[in-house]
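Report on the following structure.
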Amino acid sequence: MGKGQLPKRGMQSNTYRALKDLESIVTNAIPEGVALEYKASDIVTKKSIEKLCKTITAFANSAGGQFVVGVDATNGVPMRLDGGVPGPSQRDWIYQIVSSRTSPPIESFEVFEVPNGGSRYYVIDVSASSLAPHQFDYKYYKRRGPHSEPMEHYEIEDVRSRPKGGLAPLRVEIGTVQEVMLLLTLKNDHSAEALANLKFSITHNFKTETKGLETLTTRGLRSIRPGAELSFYLGIANDVLRTSDAELTVVAEYDFLGKKVKETFRLFLGDLRHTAIVRPPEVEAMKKLAEKVDELVRETKRAHQEYEHFLQKMIDGTGVRLSHSTVTALQGKAALLEPEDFDWVGYRAILDISSDDARKLQRIFNQRFGGSGDERERYEKLPADLRERFEKVFKLRFE
């Protein structure tokens, strides 16, 4: 993908969320185009399923776009707002119809309501779909200029065969580390261009202890370098998955190749077995946690078995006589872990301690967060029970 070329996924468009935004469409005479279409409100009041699904399918099979309901247009030019759809909300009906009448069901769209007294206008944002091509009524549609038209056979095959991973620069995934830790991962799939000024809106129906999502939502990200991936800890997988039908929705807005891009990702955590698990260097260290815990348990069991063996051999009529060197050798059987291999998440999980205590250990032992030379002094100020617990599992070494 060269400079100036738009990504095939993601929607570049204006944002119409308030009545004044819709009025500006008429005032500025913004015409229909390949990524914008107007329909009168009767498309909803008369339940014109064909017009609704055909347009949304065409956007999803192409580069995305916006579908504004409540605008009277002549030859593609908006003439006036028609007052909107009267009565109760039809938002859920639109979602239901599009999902049930398209194949495979289109998920890459959002429906927004713009109130107008007792009526509502509807703005439907559609992103290009990674599951394309989609069909409605056994036909595939795409955008040609301001129209939605049936696709030719070669166009259908072209959409079906194009690499799915290259459809958009931003990839959002959920994965687990050894089926223990749950991660949200963001990756820039583009090999040359950075994603800039990223803003996120994140909703979920499960509990999480980490503030990573809150920070990501309030602060966003300045950029993601080409090919880079960032992982955010969500919680212990078993805790999160206690929520039936656990779901996470991420709405991302960012700058790419001089354009504003918006994408929506709906992630169903029940499908974790089918998602990719990414392992950048920081995550790889966490991945090794379970392996090292297993190794520690095996070594401890082996040491205990050897202890019992020696014990039987050393017993006489007066009791047990075990040499000091034998005891020392047995104590060294269980291999201790390297503290720098873990961050506070790993310390908390393996030592079963609070997040605050885990972060204190991270600041002392994890050199990625910088060393100040007074690590021993700070370690000795920690509570005795915390130090005792740490030294049973991790090597204690100060440079």
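Under numbering that gives the first Met the number 0, the first residue of the sequence shown carries the number 0, and numbering increases by one thereafter. Even for Gly, the Cβ is constructed at its ideal location relative to N, Cα and C.
Alpha carbon of L256 to alpha carbon of A195, nearest angstrom | 9 angstroms
Can you list, in chain order, the residues of its chain whose CB lies under 8 angstroms from that of A193, leaving out five sequence neighbours each side?
-> N187, S222, I223, R224, P225
According to the neighbour-count rule (16 or more other Cβ atoms, all chains shown, within 10 Å of its Cβ), is D373 buried or exposed?
-> exposed
Who pairs with I123 in a beta bridge, going by DSSP?
-> F66, V110
Cβ atoms of F393 and P338: under 8 angstroms apart, would you say?
-> yes
Have a look at T73 and F108 and give me their C-alpha separation to the nearest angstrom.
-> Going by the C-alpha atoms only, they are around 26 angstroms apart.
Note down the Cα distance separating G69 from E49, rounded to an integer number of angstroms.
-> 17 angstroms
With DSSP collapsed to three states, give me the class of T44.
-> In the three-state reduction of the DSSP assignment, T44 falls in the helix class.
Which first and last residues belong to the alpha helix (DSSP H) in which Y378 is found?
-> The continuous alpha helix (DSSP H) containing Y378 extends over residues 374-379.
Is the beta carbon of F199 sitting closer than 8 angstroms to the one on L215?
-> yes
Put H152 into one of helix, strand or coil per three-state DSSP.
-> helix
Report buried or exposed for N365, applying the criterion of at least 16 other Cβ atoms within 10 angstroms of its Cβ.
-> buried
Could you check the C-alpha separation between G63 and E262 for me, to the nearest Å?
-> 10 angstroms
Note down the Cα distance separating S230 from K138, rounded to an integer number of angstroms.
-> The alpha-carbon of S230 is positioned some 40 angstroms away from that of K138.
Quick one: is N27 buried, meaning 16 or more other Cβ sit within 10 Å of its Cβ, or exposed?
-> exposed
So what's Y232 in DSSP terms, helix, strand or just coil?
-> Three-state result, Y232: strand.
Using only alpha-carbon positions, find the residue among A59, L80, L51, Y121 that is nearest to P87.
-> Y121
Are three or more beta carbon pairs between the segment 15-34 and the segment 96-108 nearer than 8 angstroms?
-> no
Within 8 angstroms, strictly: CB atoms of T207 and V239 = yes
Supposed close pair Y15, Q95 - CB separation, criterion 8 angstroms | With a Cβ gap of about 23 angstroms, Y15 and Q95 do not count as contacting.
Straight-line Cα distance separating F205 from P382 = 34 angstroms
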